[in-house]
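A short write-up of the structure that comes next.
Numbering (the numbering used here), first residue to last: 75 to 686.
Spelled out as structure tokens, the structure:
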């Protein structure tokens, strides 16, 4: 305990305009509600009749009391509170429906992409580079979340959402029009940053528009489209590949996505204008010159901190992607230099934020909170464990179990179907009980058990039904991890830091994704090709490089032929080792359970206005 108190005393810096945040959250029993006698907000009186939609600034009865946005809050937080204090129940419902539709489009396109990606890389004769693409994209995406949280807090929710929508659309356009692997890799980076960032922005907006006790239900509702698109996307990807073109699998969404995203941006901006007319917004008549404004926002956005973090993280993670292709592997000079420079930049970032940054990216009081640490550890552990084996799963199903593209998609998308139903139940249980930690005692052992079973069944000559069974159990555990991680980390902070801690959680998960893909790629590189050389008949050995790099070539050999059997045995050899690594890593999740506090979310008031 003494050590912990010393640790907390070190992390005592707070962000600019953040003096009121020494206490992370207010309870419904303790919070003092300041009533604004302003007839301009009387339109919200009609929301009184709905007990599910009200303000967490009330006494818990559901009656709406007119409030002011939090004093001294950052501009983006102040603005979104002004918006929720201004909009009506109808607008709130429209926002959630638009978010649901956004998730529907995202789920549909991601299902199609995951099934088509092995064929795209195979067309460029680079099937084994799947992990390289995943890792580069994950490294770049991880470096974006923290700066994006600053954009949303300093500039506004709508602006951050617009930027990420632009990135996602650009990525889809580039993927649809690319003609070589480097261009596709660049396109996939834009795509990953855009859709990852867009999903993050939507999660922040969902948190802004929901009470903490309903947060699990809100996230469950917005992510429920995945259970609809799990099977439809798999079938659509097959039709795109065989009947149209994989390019149109990406191109059509470059048209659809911005159209679906536009209403959410418009609703946020329109209600921001309404809030401005009602005097709820901060008016920025600073009188600064252009250069003074540039300097002001460079300080507010913590430009140097952003540069150190984004650059350091990217440079540090990239060697894990390219080391295998370096002249001397990990001993290559530039690989060592990148690791050292990246690590030093991250250390410099930590020291700069702790001692020098005028406006630190993150409030270090919350970084030392054990619930925040536990939620991030759970996220990174789960992502490493999952991506140790997931990237080559659809290829395995087609080559070993002889299923079609659509059938492989159905099996791999089991998670989406199970989570879509289960999360609604989990969200309801959290609302009813006010607690969430007890669910982890069920989810963690179940996930480890199911992944352990998969080690045995992920081999040739095993019925595909057993794989589906394991996927169902894995989906139950994994979906609970994701939801509990979000609810727990948000319960540990106030509204001022919702965007920051969600960004931290996304960084942890994305780094875990990259690390898991790195482990998977290392195992794949060192097992699959060698197993092929060992198992292939002599007549097929001259083609070992083509078989290794091209899924279409693997599937071209007749089922039951010596070459196809050798390919299947090689897949099984590699996959069992990937799963064993992932299962071992997942044991770290038990530490997360010990760290996460069981906060009563029913007693925490976090947001204001007309919310769910």
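Virtual Cβ for every residue (Gly too), placed ideally from N, Cα, C.
Please report the Cβ distance between residue i and residue j, rounded to the nearest whole angstrom; I am assuming they are in contact, meaning their Cβ atoms lie under 8 Å.
| i | j | result |
| --- | --- | --- |
| residue 424 | residue 525 | That pair is no contact at about 33 Å. |
| residue 533 | residue 653 | About 10 Å; that fails the 8 Å criterion. |
| residue 681 | residue 569 | 6 Å |
| residue 182 | residue 280 | Incorrect: roughly 20 Å between the Cβ atoms, too far for contact. |
| residue 286 | residue 669 | Wrong, their Cβ atoms sit about 20 Å apart, outside the cutoff. |
| residue 489 | residue 649 | At roughly 18 Å, the Cβ-Cβ gap does not stay under 8 Å, so residue 489 and residue 649 are not in contact. |
| residue 343 | residue 232 | 5 Å |
| residue 391 | residue 588 | 5 Å |
| residue 688 | residue 431 | A query on residue 688 cannot be resolved here, the shown segment of the chain reaching from 75 to 686 and no further. |
| residue 270 | residue 215 | 5 Å |
| residue 464 | residue 308 | Not quite, the Cβ-Cβ distance comes to about 15 Å (not below 8 Å), so this is no contact. |
| residue 299 | residue 417 | That belief does not hold up - the Cβ atoms of residue 299 and residue 417 are roughly 40 Å apart, past 8 Å. |
Is any heavy atom in the ligand MG found nearer than 7 Å to the beta carbon of residue i?
| i | result |
| --- | --- |
| residue 518 | Ligands displayed in this structure: none; no statement on the ligand MG is therefore possible. |
Got a sec? Which residues, its chain only, sit under 7 Å from residue i by beta carbon, not counting five neighbours each side?
| i | result |
| --- | --- |
| residue 450 | 578, 579, 582 |
| residue 323 | 186, 190, 311, 314 |
| residue 382 | 419, 422, 423, 426 |
| residue 674 | 508, 509 |
| residue 502 | 291 |
| residue 475 | 538 |
| residue 478 | 312 |
I'd like to know whether the C-beta atoms of residue i and residue j end up nearer to each other than 8 Å.
| i | j | result |
| --- | --- | --- |
| residue 639 | residue 473 | no |
| residue 168 | residue 341 | yes |
| residue 484 | residue 305 | yes |
| residue 561 | residue 353 | no |
| residue 265 | residue 591 | no |
| residue 374 | residue 228 | yes |
| residue 517 | residue 539 | no |
| residue 625 | residue 618 | no |
| residue 506 | residue 671 | no |
| residue 513 | residue 500 | yes |
| residue 262 | residue 219 | no |
| residue 380 | residue 415 | no |
| residue 371 | residue 557 | no |
| residue 321 | residue 211 | no |
| residue 659 | residue 529 | no |
| residue 276 | residue 173 | yes |
| residue 662 | residue 455 | yes |
| residue 695 | residue 686 | Only positions 75 to 686 of the chain appear in the structure, and residue 695 is not among them; the question remains open. |
| residue 70 | residue 355 | Residue 70 is absent from the model: the chain starts at 75 and stops at 686. |
| residue 345 | residue 165 | yes |
| residue 627 | residue 620 | yes |
| residue 387 | residue 213 | yes |
| residue 362 | residue 230 | no |
| residue 446 | residue 614 | no |
Only counting the same chain, and skipping five residues up and downstream in sequence, which positions put a Cβ closer than 6 Å to that of residue i?
| i | result |
| --- | --- |
| residue 574 | 223, 436 |
| residue 384 | 217 |
| residue 268 | 238, 241, 242, 245 |
| residue 393 | 409, 412, 413 |
| residue 486 | 467, 468 |
| residue 522 | 660 |
| residue 225 | 234 |
| residue 541 | 531 |
| residue 586 | 454, 457, 458 |
| residue 597 | 651, 652 |
| residue 365 | none |
| residue 666 | 448, 451, 452 |
| residue 325 | 250 |
| residue 645 | 470, 473, 474 |
Only counting the same chain, and skipping five residues up and downstream in sequence, which positions put a Cβ closer than 8 Å to that of residue i?
| i | result |
| --- | --- |
| residue 117 | Since pLDDT at residue 117 reaches only 40, below the 50 mark, its modelled position is unreliable, and the value read off the structure follows with that caveat. The answer, listed in chain order, is 162. |
| residue 553 | 489, 492, 493, 496, 497, 500 |
Quick check for students: name the residue ranges of the alpha helix (DSSP H) that lie wholly in the stretch 552–617, counting only runs of 4 or more.
572–609
Sequence ranges, alpha helix (DSSP H) only - wholly within the stretch 320–373, length at least 4
320–351
Uninterrupted alpha helix (DSSP H) stretches inside the stretch 458–500 (no shorter than 4 residues):
467–474, 479–486
With a threshold of 8 Å, are at least 3 pairs of Cβ atoms found where one atom belongs to the stretch 241–258 and the other to the stretch 327–341?
Yes: the two stretches touch, three or more of their Cβ pairs being nearer than 8 Å.
Could you tell me which whole alpha helix (DSSP H) segments of length 4 or greater appear in the stretch 260–329?
289–297, 300–317
Taking the runs of the alpha helix (DSSP H) that are 4 residues or longer, which of them lie wholly in the stretch 514–558?
514–531
Which ranges would you report for the alpha helix (DSSP H) in the stretch 625–649 if only whole runs of at least 4 residues count?
625–630
Please give the ranges of any beta strand (DSSP E) in the stretch 399–424, keeping only runs that are unbroken, at least 3 residues long and fully inside the region.
none
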